[in-house]
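Working notes, structure below.
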Amino acid sequence: MLKTLLKKELYNLFYSKMQNKKGDQRRSASTLVGYGILFALVCIMLAGIVFFISTAICTALVGKGNDWFYFSLIALVASFMGVVGSVFTTYSTLYLAKDNEQLLAMPIPPSKILFSRVFSVWIMGLLFEALIFVPSIVSYCLIASPSAASVIFSVLVMLIVSLFVLSLSCLFGWLVALISTKIKHKNIITIILSLAFLGAYYYLYFRLSDIVNILAQNSKTISDVFKNALFPVYYIGLAATGDALALILSAIVVIALFALVYWILSRSFIKIATANRGNKKVKYKKKQLSRSSVSGALLRKELKRFTSSSTYMLNCGLGTVFMLFAAGYLIFKGSEFNGYFTAVPFLSNFKALAAAVVVAFVVSMNNITAPSISLEGKNIWILQSMPVPAWQVLKAKLNLHISITTIPVVIFVVCAVIVLGIDIFSAVLLLLFSIIFVLFTACLGLMINLKMPKLDAKNETAAVKQSIGIMLAMFIGWVVILILALPYLLLMLFVSSQIYLLCCTVLVTAVTALMLYWLKNRGTRIFERL
Amino acid sequence: MLKIEHLTKTYGDKKAVDDLSLHIKPGEIYGFIGHNGAGKTTTIKSCCGILSFDGGEIHVDSTSIKTNPIECKSKIAYIPDNPDLYEFMTGIQYLNFVADIFGVSAEDRQSRIHKYADAFEITKDLAQPVSAYSHGMKQKLAIISALIHNPKLVIMDEPFVGLDPKAAHLLKGYMRDICDNGGAIFFSTHVLEVAEKLCDKVAIIKGGKLIKSGSMEEVKGDDSLEEVFLELEDEKC
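Chains P and D, in that order, are what the protein sequence lines are. Each residue of the first sequence is one higher than the last, beginning at 1 in the working numbering. Each residue of the second sequence is one higher than the last, beginning at 531 in the working numbering.
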């Protein structure tokens, strides 16, 4: 029975990705290979970033005999990332699965259902954790040349840490479930917490070299703190370097912690999984209802969907936040940039071009249209049965993306023009390019989602988080930036940056026009047949 | 009001609907019965313009759904077998959204929403998100959203599933009202007693083919609809 449940969870995690949009047919081999390549590329890219960071830290620590300290840090980072990144997924996987009640009605002990859910969380966590641990172990192998036993121990530590991450994730997921009925404005709190986490992440990332220096200079003091005050982390680090006793001790502690958490979860699983999570009941009072146009109603519907889901906002609208942050950064640190441009007069020709690259890069991070078709899910009959042309539906999705992305883009461009002192002609070109690029990304996301919709997603989180279209839209956007920007390195001596930006604007406009044509014709037909 | 001519729809190699023809006139309540997988939902979805079809033609009030789907859809109200509505909206937001799409005036939507919501006893719940609604409440909301634009043709897939007896009784009354005002109803059901009492005409479908249709008297004669249905099912096996 447990084997069947575990198989079902694995099917949900992996095999369901091989199904087509409605889950009734297997995807073609070429599509699967395409997905595989894309997935591998994303993993390689993320692992590459971790490898770069871990190599810097490893070089600073291992030379001084602080091998354990290196692994302690890696374990801490992996735990932090794993727990913060998986709390809400854990909560929804454990308690909000659509088949919870169906399974509970079957002659299956609830503990086995819970175990299968926990297993699913563990697999997901292990995959994320491996992205940090594996490149870190590779760095260690290259720098410290450890023995084979030591490498095996470090892999075992990765498994122990994954169990630790699972325990904490489950505990936090359980707490979130307990308080979720009492929290008002859950979306806002989730977004603020997530943005705070992201802020901390980027702060640490940009201060990496300072941190490595501090670690290198004060490794003795910091490692003493770990040995005394954070001794479980010390033992984890020690275990990874090949200390068998530390490995056994760490394993015992983590397994005991997991057993305790599992016991807590199993005591309340049925109660929480079947709880009515309705918000506080608000009684409707009859009032005058306002009327709006069809386009207005469709746009409002899209906006309502966007703002009602923290997952959707965080995964697809971060570019808006980053754009505003970049505008603020320009205002406060603009003098530094101007300093560079003044020091190297040749560079001052590239101000508008540099700003355009920044805008395009950040705009590519907004992928509001990319899951917008998948999010229709089982509701798609509503739009399909209404007297609304499919193009109007698609336009509403494009308009939401444009509305949410264009305003911060304009703010950034205005800041860039004022702070960097960009001339009028370049400023107009920059603004034009930026707005066209917003439309380009909106069309790109929608095209990808029309070609690869996932209408059978278990829930909104799955439609957004497990949508490869979001990643694809972002990476294609970045590749386009490279394709546009790199030739200028060869042409800069012959073509002015203004002319180059004009050419880029014309090119992006032409491609966007083609995409709009595709959406209006082929795209609408695809939507009608979904 | 609804004319289905030689409708054919295939999924891969399987013919879900095979050369089906029906004519639903204004003022008629037309029942559509058949076992699971017979092709009822496929036919209904084709009539609503949700599914494209491979052969035949469907006219709504003399307008082809193939060539002018938007005009057809503006005259139709569709209630699916499973009321999957926008869970991120409140009940009133959903109804207002539907009213906006169908261009219902502010006064009309106001009076109709409150009239039907009061009748189905969900007025106090309209400020709740749809996600908090029970299946029956969602079904009631779907019915109200279908009625607020005063449709000429109402197409329903198993409309009585999940409704409490009072709501089911109300819905039957509204179905009759629509027909009395020149509209038409085409609905599928497995509840043969309801079909027998409510429908002016009935069609029985099996394996995608229409096996019998006509007025209730023509189809069932002196027997019950249930007896005739079961007999026909056995005969054609």
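Quick reminder that beta carbons are idealized off the backbone N, C-alpha and C, glycines included. Model, not experiment: these values are computed from the prediction.
Asked, Found
"CB contact check: residue 232 of chain P to chain D, cutoff 8 Å", "no"
"C-alpha gap between residue 396 of chain P and residue 509 of chain P, whole angstroms", "20 Å"
"Residue 23 of chain P (DSSP reduced to helix, strand or coil)", "Low confidence applies to residue 23 of chain P: its pLDDT is 48, below 50, so where it sits in the model is not reliable, and the reading given next is rough at best. Residue 23 of chain P: coil per DSSP, three-state reduction."
"Residue 687 of chain D - containing beta strand (DSSP E), residue span", "683 to 687"
"Which residues DSSP lists as bridging residue 609 of chain D, in chain order", "D:686"
"Test: residue 632 of chain D CB closer than 8 Å to a CB of chain P", "yes"
"Burial state of residue 525 of chain P (16 or more Cβ within 10 Å)", "exposed"
"Bounding residues of the alpha helix (DSSP H) (the contiguous stretch that carries residue 653 of chain D)", "First-last for residue 653 of chain D: undefined, no H or E at that position."
"Neighbourhood of residue 250 of chain P by C-beta, 8 Å cutoff - its chain only, sequence neighbours within 5 removed", "157, 160, 232, 235, 236, 239"
"C-alpha distance - residue 111 of chain P paired with residue 266 of chain P, whole-angstrom precision", "6 Å"
"Unbroken alpha helix (DSSP H) run spanning residue 707 of chain D, endpoints", "695 to 710"
"Boundaries (first-last residue) of the beta strand (DSSP E) holding residue 587 of chain D", "585 to 590"
"The stretch 597 to 609 of chain D: positions lying closer than 7 Å to chain P by Cβ", "600, 603, 604, 608"
"Contact list for residue 616 of chain D against chain P, beta-carbon separation under 9 Å", "301, 304, 305, 379, 382"
"Secondary structure of residue 620 of chain D, DSSP reduced to three states", "strand"
"Contact set between residue 117 of chain P and chain D, taken where Cβ atoms lie within less than 9 Å", "Near residue 117 of chain P there are no residues of chain D at all, since even the closest Cβ is about 21 Å away, more than 9 Å."
"Close Cβ partners of residue 502 of chain P (< 7 Å) along its chain, the five nearest in sequence each way excluded", "429"
"Partners in chain P for residue 793 of chain D, counting only beta-carbon separations shorter than 7 Å", "The structure shown does not extend to residue 793 of chain D, since chain D is modelled only from 531 to 767, so the question has no answer here."
"Where residue 241 of chain P sits in the DSSP three-state scheme", "coil"
"Nearest-angstrom Cα separation, counted from residue 625 of chain D out to residue 415 of chain P", "43 Å"
"Limits of the unbroken alpha helix (DSSP H) element including residue 426 of chain P", "424 to 451"
"N- and C-terminal bounds of the beta strand (DSSP E) containing residue 540 of chain D", "532 to 541"
"Boundaries of the alpha helix (DSSP H) in which residue 544 of chain D is found, first to last residue", "Here residue 544 of chain D belongs to no alpha helix (DSSP H); instead the beta strand (DSSP E) covers 544 to 554."
"Listed by chain order, chain P residues near residue 668 of chain D by CB distance under 8 Å", "Chain P residues near residue 668 of chain D: none, gap ~12 Å exceeds 8 Å."
"Neighbour flag for residue 412 of chain P against chain D, beta carbons, 8 Å", "no"
"Contact list for residue 656 of chain D against chain P, beta-carbon separation under 7 Å", "284"
"Sequence ranges, alpha helix (DSSP H) only - wholly within the stretch 338 to 410 of chain P, length at least 4", "351 to 363, 380 to 385"
"Closer than 8 Å to chain D by CB, residue 520 of chain P", "no"
"Touching by the beta-carbon criterion (3+ pairs, under 8 Å), the stretch 541 to 553 of chain D and the stretch 740 to 748 of chain D", "yes"
"Closest by C-alpha distance to residue 348 of chain P, when choosing among P:497, P:332, P:245", "P:497"
"Distance, residue 443 of chain P Cα to residue 433 of chain P Cα", "15 Å"
"Nearest neighbour of residue 574 of chain D, chosen from D:709, D:732, D:686, D:736 [CA to CA]", "D:686"
"Run of the alpha helix (DSSP H) containing residue 48 of chain P, from where it starts to where it stops", "29 to 62"
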